[in-house]
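Below is one structure, written out as C-alpha coordinates, with a few remarks after it.
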Amino acid sequence: MAFSQQGDSFSFKTSIDDMKLVYRILHRHIGEHLELMDSEFMDELQIALQKKAQKEGVDIGHHGAWDLWLGNDATTPCEERVKKRKTFDS
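With this note's numbering, the residue at position 10 of the sequence shown is 54, and numbering never jumps.
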(Lines of atoms letter the chains of each structure in order from A and count residues from 1; the text may use other names and numbers.)
(Lines give C-alpha, C1' and ligand atoms only; values in the text may rest on other atoms or scores of the structure.)
Protein backbone atom coordinates (compact mmCIF):
# COMPACT_ATOMS: atom_id res chain seq x y z
CA MET A 1 0.00 0.00 0.00
CA ALA A 2 1.23 3.48 -0.77
CA PHE A 3 -0.17 6.92 0.04
CA SER A 4 0.75 10.12 -1.71
CA GLN A 5 -0.28 13.69 -1.01
CA GLN A 6 -0.75 16.71 -3.23
CA GLY A 7 -1.90 19.75 -1.30
CA ASP A 8 -4.94 18.78 0.73
CA SER A 9 -5.66 15.67 -1.35
CA PHE A 10 -4.46 12.12 -0.85
CA SER A 11 -4.32 9.22 -3.24
CA PHE A 12 -3.38 5.66 -2.53
CA LYS A 13 -2.66 2.33 -4.14
CA THR A 14 -3.97 -0.73 -2.36
CA SER A 15 -5.11 -4.27 -2.97
CA ILE A 16 -8.63 -5.15 -4.01
CA ASP A 17 -8.96 -7.20 -0.82
CA ASP A 18 -8.20 -4.14 1.32
CA MET A 19 -10.70 -2.08 -0.69
CA LYS A 20 -13.38 -4.73 -0.13
CA LEU A 21 -12.61 -4.83 3.59
CA VAL A 22 -12.90 -1.05 3.97
CA TYR A 23 -16.12 -0.99 1.95
CA ARG A 24 -17.69 -3.82 3.97
CA ILE A 25 -16.92 -2.11 7.27
CA LEU A 26 -18.07 1.33 6.13
CA HIS A 27 -21.24 -0.07 4.57
CA ARG A 28 -22.03 -2.10 7.70
CA HIS A 29 -22.04 1.12 9.76
CA ILE A 30 -23.64 3.49 7.27
CA GLY A 31 -26.83 3.64 9.33
CA GLU A 32 -24.83 4.99 12.26
CA HIS A 33 -22.99 7.51 10.09
CA LEU A 34 -25.41 8.80 7.48
CA GLU A 35 -22.85 11.32 6.25
CA LEU A 36 -21.12 8.38 4.54
CA MET A 37 -24.02 8.24 2.08
CA ASP A 38 -23.00 11.65 0.73
CA SER A 39 -19.28 11.00 0.95
CA GLU A 40 -17.41 11.24 -2.34
CA PHE A 41 -14.95 8.66 -1.00
CA MET A 42 -17.70 6.09 -0.35
CA ASP A 43 -19.29 6.79 -3.72
CA GLU A 44 -16.02 6.42 -5.63
CA LEU A 45 -15.04 3.33 -3.65
CA GLN A 46 -18.34 1.66 -4.50
CA ILE A 47 -18.08 2.61 -8.18
CA ALA A 48 -14.53 1.25 -8.42
CA LEU A 49 -15.51 -2.02 -6.76
CA GLN A 50 -18.61 -2.40 -8.92
CA LYS A 51 -16.57 -1.90 -12.09
CA LYS A 52 -14.07 -4.53 -10.95
CA ALA A 53 -16.86 -6.96 -10.03
CA GLN A 54 -18.55 -6.48 -13.41
CA LYS A 55 -15.26 -7.15 -15.20
CA GLU A 56 -15.15 -10.42 -13.30
CA GLY A 57 -18.68 -11.28 -14.46
CA VAL A 58 -20.57 -10.45 -11.26
CA ASP A 59 -24.15 -9.23 -11.64
CA ILE A 60 -23.92 -6.27 -9.24
CA GLY A 61 -27.70 -5.85 -9.42
CA HIS A 62 -28.04 -9.21 -7.65
CA HIS A 63 -27.35 -8.35 -4.02
CA GLY A 64 -26.39 -11.89 -3.10
CA ALA A 65 -23.78 -12.09 -5.86
CA TRP A 66 -22.46 -8.64 -4.98
CA ASP A 67 -22.26 -9.56 -1.27
CA LEU A 68 -20.42 -12.79 -1.99
CA TRP A 69 -17.95 -11.02 -4.27
CA LEU A 70 -17.30 -8.43 -1.55
CA GLY A 71 -16.47 -11.24 0.85
CA ASN A 72 -19.48 -11.04 3.13
CA ASP A 73 -19.86 -14.36 4.96
CA ALA A 74 -23.63 -14.52 5.10
CA THR A 75 -25.79 -12.96 2.45
CA THR A 76 -29.39 -11.98 3.06
CA PRO A 77 -31.93 -12.32 0.25
CA CYS A 78 -33.49 -9.06 -0.94
CA GLU A 79 -36.90 -10.10 0.40
CA GLU A 80 -35.44 -10.31 3.92
CA ARG A 81 -33.51 -7.06 3.55
CA VAL A 82 -36.69 -5.15 2.68
CA LYS A 83 -38.43 -6.48 5.80
CA LYS A 84 -35.58 -5.22 8.01
CA ARG A 85 -34.96 -1.98 6.15
CA LYS A 86 -34.71 1.10 8.31
CA THR A 87 -35.91 4.52 7.34
CA PHE A 88 -33.95 7.59 8.28
CA ASP A 89 -35.27 11.04 9.04
CA SER A 90 -33.72 13.74 6.89
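Using N, Cα and C, we set each Cβ at its ideal position, and we do this for glycine too.
A92 in three-state terms, based on DSSP: helix
Local conformation of A46 per DSSP, three classes: strand
Beta bridge counterpart(s) of F54 as assigned by DSSP: Q49
The alpha helix (DSSP H) enclosing V66, as first and last residue numbers: 60 to 72
Contact belief for I91 with A97 at Cβ below 8 Å, rounded distance in angstroms: Actually they are not in contact, since the Cβ atoms of I91 and A97 sit about 11 Å apart, beyond 8 Å.
Rounded Cβ spacing between K64 and M45 (contact assumed at less than 8 Å): That pair is no contact at about 14 Å.
With 16 other Cβ atoms within 10 Å as the buried cut-off, status of L78: exposed
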